[in-house]
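Given below as structure tokens:
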């Protein structure tokens, strides 16, 4: 939802930055790994209770996530492996973040349950799209893509409203997965 709107408004700037980065010799896969490592640092900050710092670092990690694909496109380095690698490290990054939250909320079973539900929903949003595309069905529908998930988590970390952010993530990620299942059922039904 926000993803398309944001992409339209940042594509020109992102392409120019990507061209400069690409000329420096930095490859898209290096940016993918760097982004993952930055997000892993955010997860460690969450575990240590440094939530505002984690929110800032997570925002910085999101820039790498946007830049790796842009560098690949602008510099003619896009590859099927690169897309696959980026997607896999994105899932690891999400798992690290939610793992950090789970540890941060040790002793608070409600917050841990919300964290688990948000993790499952996040992974299912990505999996439903990947599986649909494996079946040849386009699946870019849904309310809560990766950008929305990251923005809600950053907002929760920066404001201290982390449990409400987890409620939003737990509900809307799973809702989006169901939206995608419904969409794929609609486009793949016979007859």
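Numbering (our numbering), first residue to last: 1106 to 1296.
Think of the CB as a built atom: it goes at the ideal place given N, C-alpha and C, for glycine as much as any other residue.
The continuous stretches of alpha helix (DSSP H) do not include residue 1211, and DSSP gives it neither H nor E. In the three-state DSSP reduction, residue 1243 falls in the coil class, being neither helix nor strand.
In the structure shown, residue 1180 adopts coil according to DSSP, grouped into three states. Cβ-Cβ separation between residue 1163 and residue 1262: approximately 7 Å, consistent with a contact (criterion under 8 Å). Separation of residue 1119 and residue 1161 (C-alpha to C-alpha, rounded to the nearest whole angstrom) is 20 Å. Distances from the alpha-carbon of residue 1252 to those of 1210, 1230 and 1292 put 1230 closest. As the crow flies, the alpha-carbon of residue 1292 is around 46 Å from that of residue 1153.
Selection 1150, 1141 and 1286 evaluated against residue 1208 yields 1150 as nearest (Cα-Cα). For residue 1294, the secondary structure class from DSSP, reduced to helix, strand or coil, is coil. Distance check between residue 1169 and each of 1157, 1183 and 1191 places 1191 closest, using alpha-carbon atoms only.
Nearest to residue 1213 by C-alpha distance, out of 1135, 1267, 1281 and 1249, is 1267. Annotation for residue 1248: 1106, 1277, 1280, 1281 and 1284 place their beta carbon closer than 8 Å to its own, counting only its chain and skipping 5 residues before and after. Residue 1155 carries a coil assignment under DSSP once its states are collapsed to helix, strand and coil. For residue 1258, the enclosing alpha helix (DSSP H) stretches over residues 1251 to 1264. Straight across, the Cα-Cα distance linking residue 1225 with residue 1274 is about 10 Å. Ranked by Cα distance from residue 1133, the options 1256, 1145 and 1184 are led by 1184.
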